[in-house]
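Below is one structure, written out as structure tokens; the observations come after it.
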Amino acid sequence: MSPLHEAARAGHTKKVQDLLTRGYGPDDEDRNGHTALHCACIAGDLPTIKVLVGAGASLTARAQGRWCGGVTGLHFAAEHGHAGALRFLVRHGLDVHVRDAERYSALHYAAENNHLDAMEALLGAGADADATDRFKKTPLHYAAESGARDAIGCLVRARGSVNAADHRDKTPLMYAAESGDAEVMELLLRHGAGTEFKAKGDWCNGVNVLHLAAEQGHLMVCRLLVQRGVSIDVRDDGLYTPLHYAAEAGHQELVVFLVSVGASPAAADRRGMTALHYAAESGSHKAVAFLLDHDAAVEALDEAGKAPLHYVCRGHQAAPGARDAPAKPKRSKWRSSIAAQQYLEVAQTLVARGASVNKADGEGKSPLHCAAETGAVEAAGYLLSLGAAVNGRDKRGLTALHHAALAGDCDMAKLLIFTGANVEAVAQWHWGGGVRPLHLAAEGGRADLVRCLCQYGAAVDAADELKYTALHYAAERNEVAAVQALVAHRAALGAQCSEGKTALHYAAHNGAADAVRVLLVARADPNGLDALGRSPLMYAVFPEEAEEGDARDKDEKELQQRTAKELLSSDADVALC
Numbered sequence: 002m003s004p005l006h007e008a009a010r011a012g013h014t015k016k017v018q019d020l021l022t023r024g025y026g027p028d029d030e031d032r033n034g035h036t037a038l039h040c041a042c043i044a045g046d047l048p049t050i051k052v053l054v055g056a057g058a059s060l061t062a063r064a065q066g067r068w069c070g071g072v073t074g075l076h077f078a079a080e081h082g083h084a085g086a087l088r089f090l091v092r093h094g095l096d097v098h099v100r101d102a103e104r105y106s107a108l109h110y111a112a113e114n115n116h117l118d119a120m121e122a123l124l125g126a127g128a129d130a131d132a133t134d135r136f137k138k139t140p141l142h143y144a145a146e147s148g149a150r151d152a153i154g155c156l157v158r159a160r161g162s163v164n165a166a167d168h169r170d171k172t173p174l175m176y177a178a179e180s181g182d183a184e185v186m187e188l189l190l191r192h193g194a195g196t197e198f199k200a201k202g203d204w205c206n207g208v209n210v211l212h213l214a215a216e217q218g219h220l221m222v223c224r225l226l227v228q229r230g231v232s233i234d235v236r237d238d239g240l241y242t243p244l245h246y247a248a249e250a251g252h253q254e255l256v257v258f259l260v261s262v263g264a265s266p267a268a269a270d271r272r273g274m275t276a277l278h279y280a281a282e283s284g285s286h287k288a289v290a291f292l293l294d295h296d297a298a299v300e301a302l303d304e305a306g307k308a309p310l311h312y313v314c315r316g317h318q319a320a321p322g323a324r325d326a327p328a329k330p331k332r333s334k335w336r337s338s339i340a341a342q343q344y345l346e347v348a349q350t351l352v353a354r355g356a357s358v359n360k361a362d363g364e365g366k367s368p369l370h371c372a373a374e375t376g377a378v379e380a381a382g383y384l385l386s387l388g389a390a391v392n393g394r395d396k397r398g399l400t401a402l403h404h405a406a407l408a409g410d411c412d413m414a415k416l417l418i419f420t421g422a423n424v425e426a427v428a429q430w431h432w433g434g435g436v437r438p439l440h441l442a443a444e445g446g447r448a449d450l451v452r453c454l455c456q457y458g459a460a461v462d463a464a465d466e467l468k469y470t471a472l473h474y475a476a477e478r479n480e481v482a483a484v485q486a487l488v489a490h491r492a493a494l495g496a497q498c499s500e501g502k503t504a505l506h507y508a509a510h511n512g513a514a515d516a517v518r519v520l521l522v523a524r525a526d527p528n529g530l531d532a533l534g535r536s537p538l539m540y541a542v543f544p545e546e547a548e549e550g551d552a553r554d555k556d557e558k559e560l561q562q563r564t565a566k567e568l569l570s571s572d573a574d575v576a577l578c
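Laid out in structure tokens, this is it:
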């Protein structure tokens, strides 16, 4: 920032004049594109603005603002509420309708910041009260969202549309509902805001103003809307009622209120989930107890056949299909000791009201399976103490220990083993049967769990129906730590699958250079042949020939080259290639 910028921002008019006479340009920019005029508009110093404009400063110069680029002096003056500066700039030719890079007008800036004098100056100069930015939001949307009551009154008087819809069809009333400002809601409703409109929500379309308020837990706003006649069981396109939103978000007092004024605990969304499912999933003990007291069905099943007890044992992971699941599942809240106690109380309440600890869902999973999937150790212990079947199987034959192996949870695995879980239980997996927990732990690279299972009696060389051992699983995926753990437990390096391939063959074919190195150091045979007479080196050098249609990108080819070098350095026979 130059001395001219600093003087303009500080409102030192005489110093600005002096610097201009000494050769500083009125349109010189700082690194964000700010000119001295921008700085003066931020400060609202009218004498300095007049000097700069008189010296030829560009009225239309644009700079980077707080949120976006393309910001003019008019925007800066509006953002900071300088009405006098706004009148001067417009009078000297700056277009009152000028937009920044996001298509915000100066009126948007003034309204969002509740600068009444600035708004009146802009409206008096012809600013459009219904101007829309690139999101189709009007100044009234921003005023409602920020709780700018004076701005709302000003815009309504200027005939701004109180029911204008943005790009998601949200009205100003909806933004006020999300913000939780009951007074702003009252103001908008008095001026004709409608409660019947529906918009695109974060999860699905067709959300009503009551859905939005309920999702955020705004009790006073919900009370106001109910008093205004909004249907208590209004549905969005996913058939979610406000009660579903409140229960899922864990807003317990709001759940109590909604049910007390007539919301149906039995209402099910498009996935068949009731408010009790959501309250259980969010660990809301008070809401669960209240819903059960008001005839919620403790064994209500959703579309996947899951009862509320399944959901509390999932530890607040995303419901399958009920919302768009995140790319990476949330870590179970059972991991927190405080939350674990909270969830345990919910589970105890459900069981006390008749929930079955061995109830199978549509995939054959019991609540214990769900607890094992998410590491809910306290829930698993509680269920086991009530007689949950430790070796119960889902429809693929997976036991709770299989699910713990998939999750890589040593604490869960130990609990299950100590209470009688069979470490050699076999199940169906993606490509066949005979899959044991150790296979799944190895495939997922869960080295600690591999060690744990071996320590508690899992047969390190047990094979599935295709004669894959755990070492095959780990080596094929280049799970080096798991390979090392299996080698340390004396896994058979020469074990062959039904195609005669060893773990080294699979590692070589997949360019798993690190796993190849570990296997070779452990004395795996680099010249062993599979049923087709192919050596590991052949798979490393000619992966496409070894398996047709297996195209390799550049990075994969480099890994194959590294793999081949590892094999050649261990006396792999080129003649077998």
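Heads up: the sequence shown begins at 2 in this note's numbering, then just goes up one per residue.
For each residue, glycine too, the CB sits at the ideal point set by N, CA and C.
Alpha helix (DSSP H) segments (min. 4 residues) lying fully within the segment 136 to 182:
Whole alpha helix (DSSP H) segments, 4+ residues: 140 to 147, 150 to 158, 173 to 180.
Between the CA atoms of Leu244 and Leu259 - distance to the nearest angstrom
In the sequence shown, the residue the question calls residue 259 occupies position 258. In the sequence shown, the residue the question calls residue 244 occupies position 243. Taking the straight line from one Cα to the other gives about 6 Å.
Per DSSP, what kind of secondary structure is Gly436 in: helix, strand or coil?
Taking the first residue of the sequence shown as position 1, residue 436 is located at position 435. At residue 436 the sequence reads Val, which differs from the Gly that was named. Here Val436 sits in strand by DSSP.
Does the contact criterion of 3 or more C-beta pairs under 8 Å hold for the segment 441 to 450 versus the segment 400 to 413?
Using a C-beta cut-off of 8 Å, the segment 441 to 450 makes contact with the segment 400 to 413, since at least three inter-stretch Cβ pairs fall below that distance.
Endpoints, beta strand (DSSP E) assigned at Val575
For this step, residue 575 is matched to residue 574 along the sequence shown. Following the DSSP letters along the chain, one finds Val575 in no beta strand (DSSP E), marked with neither H nor E.
Host beta strand (DSSP E) of Gln429 (start-end):
Working through the sequence shown from its first residue, we reach residue 429 at position 428. Unbroken beta strand (DSSP E) run through Gln429: 428 to 430.
Just confirm the distance between the C-beta atoms of Gly501 and Ala532, as a whole number of angstroms; I'd bet it's less than 8 Å.
Residue mapping note: residue 501 aligns to position 500 of the sequence shown, counting from 1. Residue mapping note: residue 532 aligns to position 531 of the sequence shown, counting from 1. The beta-carbon separation of Gly501 and Ala532, rounded to 3 Å, stays under the 8 Å limit for a contact.
Rounded separation between Val358 and Ala471 - CA only
Within the sequence shown, numbered from 1, the residue matching residue 358 stands at position 357. Within the sequence shown, numbered from 1, the residue matching residue 471 stands at position 470. Between the alpha carbons of Val358 and Ala471 lies a distance of about 32 Å.
If we count the other Cβ atoms within 10 Å of its Cβ and call it buried at 16 or more, is Ser570 buried or exposed?
Reading the sequence shown from its first residue, position 569 is the one you call residue 570. It is exposed - the Cβ of Ser570 has fewer than 16 other Cβ atoms within 10 Å.
Mapping the DSSP letters down to three states, classify Ala493 as helix, strand or coil.
Here residue 493 refers to the residue found at position 492 of the sequence shown. It is coil, neither helix nor strand.
For the beta strand (DSSP E) containing Val208, list its first residue and its last residue.
Numbered from its first residue, the sequence shown carries residue 208 at position 207. Element bounds for Val208: 206 to 208.
Can you tell me whether Val208 is buried or exposed, with buried defined as 16 or more other CB within 10 angstroms of its CB?
The residue given as residue 208 occupies position 207 in the sequence shown. So Val208 ends up on the buried side.
Who pairs with Lys201 in a beta bridge, going by DSSP?
Position 200 of the sequence shown, counted from the first residue, corresponds to residue 201. Paired residues: Asn206.
Beta-carbon proximity list for Ser265, same chain, < 6 Å, skipping 5 on both sides
Locating residue 265 in the sequence shown gives position 264, counting from the first residue. Taken in chain order, the residues that qualify are Asp234.
Jot down the residue ranges of each uninterrupted alpha helix (DSSP H) in the segment 360 to 393, minimum 4 residues, whole runs only, in chain order.
Those alpha helix (DSSP H) runs which fall completely within the segment 360 to 393 and span 4+ residues are 368 to 375, 378 to 386.
Since His83 and Tyr110 are thought to touch, with beta carbons under 8 Å apart, how far apart are those beta carbons, to the nearest angstrom?
Along the sequence shown, read from residue 1 onward, the residue named residue 83 stands at position 82. Along the sequence shown, read from residue 1 onward, the residue named residue 110 stands at position 109. The Cβ separation is near 11 Å, so there is no contact.
Using a Cβ-based criterion (distance less than 8 Å to any ligand heavy atom), does Gly421 qualify as near the ligand ZN?
Ligands displayed in this structure: none; no statement on the ligand ZN is therefore possible.
Look at the Cβ atom of Phe89, then the Cβ atom of Val54, and state whether they are nearer than 9 Å.
Against the sequence shown, residue 89 aligns to sequence position 88. Against the sequence shown, residue 54 aligns to sequence position 53. The beta carbons of Phe89 and Val54 sit closer together than 9 Å.
Does Ala194 come out as helix, strand or coil in the three-state DSSP assignment?
In the sequence shown, residue 194 corresponds to position 193, counting from 1. Three-state result, Ala194: coil.
Beta-carbon within less than 7 Å of Leu255's beta-carbon, same chain only, minus the 5 sequence neighbours each way: which residues are those?
Counting from 1 along the sequence shown, the entry for residue 255 is found at position 254. A distance below 7 Å between beta-carbons, with the five flanking residues on each side excluded, links Leu255 to the following residues of its chain, in chain order: Ala215, Gly218, Leu220, Cys223, Ala247.
Just how far apart, CA to CA, sit Ala523 and Ala381?
Along the sequence shown, one-based indexing puts residue 523 at 522. Along the sequence shown, one-based indexing puts residue 381 at 380. In this structure, the straight-line span from the alpha carbon of Ala523 to that of Ala381 is close to 39 Å.
Neighbour-count burial assignment, Trp601, 16 or more Cβ in a 10 Å radius:
The question about residue 601 has no answer, for the chain in this structure spans 2 to 578.
Could you give the DSSP three-state label for Gln562: helix, strand or coil?
Counted from its first residue, the sequence shown places residue 562 at position 561. In the structure shown, Gln562 sits in a helix (DSSP, three-state: H, G or I).
Just to check my reading of the structure: Leu568 and Ala541 have Cβ atoms closer than 8 Å, yes? What is that Cβ distance to the nearest angstrom?
On the sequence shown, position 567 is the one that residue 568 refers to. On the sequence shown, position 540 is the one that residue 541 refers to. Their Cβ separation, rounded to whole angstroms, is 6 Å, which keeps Leu568 and Ala541 in contact under 8 Å.
Compare the beta carbon distance of Asp237 and Arg272 with 9 Å and say whether it is the shorter of the two.
By 1-based counting over the sequence shown, the position of residue 237 is 236. By 1-based counting over the sequence shown, the position of residue 272 is 271. No, they are not a contact pair.
If you run the structure through DSSP and keep just helix, strand and coil, what is Val72?
Position 71 of the sequence shown, counted from the start, is the residue given in the question as residue 72. Correct three-state label for Val72: strand.
In angstroms with no decimal places, state the Cα-to-Cα distance between Ala9 and Ala56.
Reading the sequence shown from its first residue, position 8 is the one you call residue 9. Reading the sequence shown from its first residue, position 55 is the one you call residue 56. Rounded to whole angstroms, Ala9 to Ala56 spans 13 Å at the Cα level.
Test item: CB-CB of Leu189 and Leu174 under 9 Å
In the sequence shown, residue 189 corresponds to position 188, counting from 1. In the sequence shown, residue 174 corresponds to position 173, counting from 1. Yes. Within cutoff.
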